[in-house]
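Undergrad:
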Amino acid sequence: KTFWWVVKEKSTENYKGVPYITTFLSTSLWTFYGIMNPDGLLVVTVNGAGAIFQLIYVILFLVYAPKDKKVKTAKLVAILDVGFLGAVIAVTLLAFHGTMRLTFVGIICAGLTIGMYASPLSVMRTVIKTKSVEYMPFLLSFFLFLNAGVWSAYALLVKDIYIGVPNSIGFILGSAQLILYLMYNNKKSAEAIEEEEEEEGGGGSAHLVKGGIEMH
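Numbering-wise (the UniProt record's numbering), the sequence shown opens with residue 1 and increments by one.
#1: Roughly how many angstroms separate the alpha carbons of residue 166 and residue 26, rounded to a whole number?
#2: Would you tell me roughly how many angstroms separate the C-alpha atoms of residue 83 and residue 31, rounded to the nearest one?
#3: Taking only the alpha-carbon atoms, compute the straight-line gap between residue 189 and residue 46 and give it to the nearest angstrom.
#4: To the nearest angstrom, report how far apart residue 39 and residue 158 are at their CA atoms.
#5: Closer than 8 Å by C-beta to residue 144: which residues in its own chain qualify, once you throw out the five before and the five after it? Chain order, please.
#6: Let me know the secondary structure DSSP gives residue 39 once reduced to three states.
#7: Touching or not, the region 150 to 164 and the region 94 to 114, by the rule of three or more beta carbon pairs under 8 Å?
#8: Take residue 18 as the anchor and find which of 28, 72, 48 and 29 has the nearest alpha-carbon.
#9: Suppose the cutoff is 6 Å on Cβ atoms and the five residues either side in sequence are ignored; what does the same chain contact list for residue 183 look like?
#10: What three-state label does DSSP hand residue 47 in the structure shown?
#11: DSSP three-state call for residue 100: helix, strand or coil?
#12: State the start and end residues of the unbroken alpha helix (DSSP H) segment that holds residue 171.
#13: Is the Cβ-Cβ distance between residue 62 and residue 75 less than 8 Å?
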């Protein structure tokens, strides 16, 4: 729903592009990790598809974000999704051999995945402060939770520490986001409450309340 709204309104408003930029980087690197791993077919297919979807989301931000945010987003994409990703692939193929390639990429993937799961922490702080989930889409939180849970279970089965550790952390953070959503889902945004109070104080006959966008 978030991205249909962005396309419809031709604006990203206060939505943050960082989670999608880091997720694109993470899924791209996990795809590369799967290619390095002889048993990594599932990792390649799932993360390859995820990388395609995240790329679409990033492009939407680059198209519809305000000019200042667009420049910042473009710089971040150039640094992380082009420069850093390309550097990791080049160093892996040129400087390492055999199992060391898998170890090198695995460590980087694990670290970045933890960063990906931690990136919505600023949004979580906003939710707690405003008591509104206006800018924390439910589906994003739910799929982060689901994704981390599934990969944690998979890591236990195949005994892959590089997949298991970051996704266990992600599962905990995803659970926290869903708890916040349940706590504040039905609460109005601070802006809407303030407008209502102002209108009631004015005593006007018309009560026009500009409601916040609900994310379900």
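Backbone N, C-alpha and C fix where the C-beta goes; we use that ideal spot for every residue, glycine too.
TA: Taking the coordinates as given:
#1: 11 Å
#2: 17 Å
#3: Its pLDDT being 49, under 50, residue 189 is placed unreliably in this model, and the value from its coordinates should be taken loosely. Looking at the two C-alpha atoms, the distance is approximately 36 Å.
#4: 9 Å
#5: 117, 120, 170, 173, 174 and 177
#6: coil
#7: yes
#8: 72
#9: none
#10: helix
#11: helix
#12: 161 to 184
#13: no
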